[in-house]
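**Student:** Quick note, the sequences are listed as chains A and B, same order. For the first sequence, the residue numbers in this note's numbering are 311 to 703. For the second sequence, the residue numbers in this note's numbering are 23 to 304.
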Amino acid sequence: MDYLVELAPYTGYVYPNETVIPWTVLIVVYPYLTGLVAGAFTVSSLYHAFGMQRFQPAARLALLTALCFMIFVPLPLLLHLGNPQRAFNTMLTPHWTSAIAVFGFFAGFYVILLMLEIWFMFRPYFVQQAQRSSGLAGRLWHLASLGSYDLSPKAMRYDEKWIFALAVVGIPAAHGLHGYVGFLFGSLKSREWWSSDLMPVVFLFSAVISGVALLIVLYVLSCKVRRLAVDLECLKGLAYVLWGFAMFTLVLEGLEFANVVYKGREGIEMIIEYVTGPLLVPFFILQFSIGALIPLIVLTYMIWRGTTGKALIVGVTVSALLVLFQVWMMRWNVVIGGQEIAKTGKGLLSYQLVLLHREGLLTAVSVAVAPLLLLWAAVRVLPPWEKAATVSP
Amino acid sequence: MKREAISSLLARRTFLRKIGRAATCAGAMVATGALGVTKKAAAKSESKPSRVSFPTKDYDWTKHQWAFGVDATKCIGCLRCVEACKRENDVPGDAHHFRTWVERYVYLEGDKRARVDSHHDPVNIEASGSEREYRFANRYQDAKVEKAFFVPKLCNQCTHPACVQVCPTGATYRTQDGVVLIDQKYCIGCQYCVQACPYGARYFNVRKGVTQKCYWCYHRITKGLQPACVEACPVGARIFGDRNDPQSPISLFIRNNRVQVLRPDTGNAPNVFYVGIDKEVS
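1. Identify which residue in R641/A, T375/A, L545/A, T618/A has its Cα closest to the Cα of V512/A.
2. State the DSSP-derived secondary structure class of T400/A, mapped to helix, strand or coil.
3. What does a CB cutoff of less than 6 Å around D341/A pick up in its chain, not counting 5 residues either side in sequence?
4. Among A680/A, V691/A, V689/A, W695/A, which residue has its Cα nearest to the Cα of L385/A?
5. Using only the alpha-carbon positions, how far apart do I428/A and Y529/A sit?
6. Which same chain residues end up closer than 6 Å to Y129/B when comparing Cβ atoms and leaving out the 5 residues on each side of it in sequence?
7. Shortest alpha-carbon distance to F598/A belongs to which of I410/A, T673/A, N643/A?
8. Which bits of chain B does V405/A rub up against, with CB to CB less than 7 Å?
9. Run down chain A in chain order and give the residues with a C-beta less than 8 Å from the C-beta of D139/B.
10. Please report how far the alpha carbon of N569/A lies from the alpha carbon of A630/A, in whole angstroms.
11. Note down, in chain order, every chain B residue with its Cβ under 8 Å from the Cβ of T654/A.
12. Could you give the distance in angstroms between the alpha-carbon of D312/A and the alpha-carbon of F419/A?
13. Between the Cα of D541/A and the Cα atoms of L387/A, V585/A, Q366/A, F432/A, which residue gives the shortest distance?
14. Taking the alpha-carbon positions, what's the T753/A to P249/B distance?
15. Roughly how many angstroms separate the alpha carbons of Q649/A and S660/A, rounded to a whole number?
16. Please tell me whether, using a cut-off of 6 Å, the distance from the CB of V421/A to the nearest non-hydrogen atom of the ligand ATP is below it.
17. Per DSSP, what are the beta-bridge partners of T14/B in this structure?
18. Would you list the residues sitting across from F90/B in a DSSP beta bridge?
19. Any residues in the segment 225-251 of chain B with a beta carbon nearer than 9 Å to a beta carbon of chain A? Which ones, in chain order?
20. Does the CB of N393/A have a neighbour CB from chain B at under 7 Å?
21. Shorter than 7 Å from the beta carbon of C180/B to some beta carbon of chain A?
22. Can you pull the chain A residues whose beta carbon is under 7 Å from the beta carbon of C219/B, in chain order?
23. Which runs of the alpha helix (DSSP H) at least 4 residues long sit entirely within the segment 143-174 of chain B? Give them in chain order.
24. Can you list the residues of chain A that T288/B reaches, using a CB-CB cut of under 7 Å?
25. E328/A touches chain B at which residues, Cβ-Cβ below 7 Å?
26. Give the interface partners of A411/A over in chain B, defined as CB-CB distance under 7 Å, in chain order.
27. Run down chain A in chain order and give the residues with a C-beta less than 7 Å from the C-beta of Q213/B.
28. Which first and last residues belong to the beta strand (DSSP E) in which T586/A is found?
29. Quick one: what does DSSP say N227/B is sitting in, helix, strand or coil?
30. So, helix, strand or coil for G521/A, using DSSP?
31. At a Cβ threshold of 7 Å, is A688/A touching chain B?
32. Name, please, each residue of chain B whose Cβ falls closer than 8 Å to the Cβ of T704/A.
33. If you measure from the beta carbon of F120/B to each beta carbon in chain A, is any gap under 7 Å?
34. Whose CA, out of L494/A, A517/A, G445/A, P434/A, lies closest to the CA of A465/A?
35. Using the Cα positions of M362/A and I481/A, report the straight-line distance between them to the nearest angstrom.
36. Identify the contact partners of N643/A in chain B, using a Cβ-Cβ distance below 9 Å as the criterion.
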């Protein structure tokens, strides 16, 4: 029987129907991916909307990263649905009081926005390639340029205006998309662990740090692969952004937890038992200590000492990897953690992660890795590092 | 020759006209069909029917206001209600999917908090010998029991249902006569409603890929019958009826007792009214 793998062992008293955990590891992957998108887009906007020149080396990579991850955002949801073939019902007859009803529209709008911005940015490159190549490749490049070959200064200024406008509109779109994910959990009154007004804000800030961290790792990695020197100014800038937002995230998460404990509403005994028991390692040690405090300390030390060169690259990259891990643990502790505390307020459940299952570990890892493979292919078609051939503000 | 040409021209013209007409008819049919589907799909999220009698010809859902009562002081924990419900509604026959279940609250001497169990408890499953046999194990026979009682649970068919609020497609909706239904052919199986229900009343049917729950045997009550669990209860612990009728069992039950609902703080405004439950019941 398929569902037997989803049965959760429990202690205390839980409702009989609760013994099957509804949202699995795939629903952990989903907010993780949207968070990475929002964060990566933030970096690209720092350059494209606010003109911060130091982020230029990573800005285009950021935009491609956002698109590649965004394309895969609906996948964990579709894999989770009991009737994925009916997924479009949410768009055909959206029930507007539901947070999920807006997802399709929001995601669709955002993907189009990203594609438009990327098209404007790479249009000179398309034109250049179309003029250079012949045969099928030439035709494809021609198609990609949509026949718009005008590269005069006037046309380029027009393109720049579009890129700026899209970057500006994209900020509320990306952050709205992720804030909505936080609302999805925070607005549920049935679970004390989720039901928090701070939830969307916590999700947003952790999204930004995860995206910035991902970009740091991808940027350093791309430089290593291409045997180029890492632009230290850019890396340092990313480290500052990471530090600032990581500080906010830590404070907000601390405040949220303090709120739950301080209010001490019905069922708080169970929450305390949970966080000091099964959640002790994932929450306090993995998420807060290793994932949040260590990178903050390392980054603070490096900023204070003015570390530079290889030490800076290694320090920032390691911090970024730890932040990526922190945000993953945060998503896990929210999504799975919330369901492990029984609605009865009298028991705890234990989610069983299996390897081979439609919603198992292998599926989750595949969905999380797929955007990276797409990105690997995307940078081959649209090299984000070729400065001359693209529009810059 | 000329005449032949004219006649063949005429034949061709008639033929083309016929094809044209057929195509127009087919086009119109497809168009009205598509329009019909769209209208039907759009109607899913609306709870108001266009016809007066709904959902069946001889049943008008605007004429009733169903409600449910539970007298916990009468319940003996025999679980005939659970069995009747499982059979009547084709509920998965294991200890993890229930439309109605019964909780047992026991205070042993010196206990400050109740010990709670239900049919999914391994001790109870072992005692009955199967997940399909519903029985409470006599686990406290050697202990000194200070206070003990049973509490039947089922969907509260809330006036402000959190499950309906979060459904992204409108597959789950509240009827005019006060029952929350799920359209099994429209549910996408996201399980957001399972999360939103504070009472644990909903479960996910993995084989059908949709969420299911108790709907007070809507197929029976719209035909003038009682819900299966009410009919099976040997002690009258479950009371069902129409609040629009002041002499119905449920109206009398609510009028003659001090009733309470589960978790009023959620703002869901449940419609299952309890008598004889304790502070720990939620």
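Yeah, the Cβ is synthetic: ideal placement off N, Cα and C, and Gly gets one too. This structure is a prediction, so every number in the text was calculated from the model and none was measured.
**Tutor:** In brief:
1. R641/A
2. helix
3. Per the sequence shown, residue 341/A should be read as Pro rather than Asp. Hits under 6 Å: V491, R641.
4. A680/A
5. 18 Å
6. A136, E168, K169
7. N643/A
8. For the record, residue 405/A in the displayed sequence is His; it is not Val. S67, C189, P190, T191, G192, listed in chain order.
9. Y323
10. 28 Å
11. V138, G222, S304
12. With a pLDDT of only 49 at D312/A, under 50, the local geometry of the prediction cannot be trusted, and the value read off the model is given with reservation. The straight-line gap from Cα to Cα measures roughly 36 Å.
13. Q366/A
14. Look at the range of chain A in this structure, 311 to 703, and you will see that residue 753/A is not part of it.
15. 9 Å
16. You won't find the ligand ATP in this model; it holds no ligand whatsoever.
17. Absent from the structure is residue 14/B, since the part of chain B shown begins at 23 and ends at 304.
18. F262/B, V294/B
19. Y225, F226, N227, V228, R229, K230, G231, V232, T233, K235
20. yes
21. no
22. S500
23. 144-150
24. K499
25. G222
26. P190
27. P332, W333
28. T586/A -> not in any beta strand (DSSP E); alpha helix (DSSP H) instead, spanning 578-586.
29. strand
30. helix
31. no
32. This structure cannot settle anything about residue 704/A, because the visible part of chain A is limited to 311 through 703.
33. yes
34. P434/A
35. 15 Å
36. What N643/A touches in chain B: nothing, since even the nearest Cβ is about 16 Å away.
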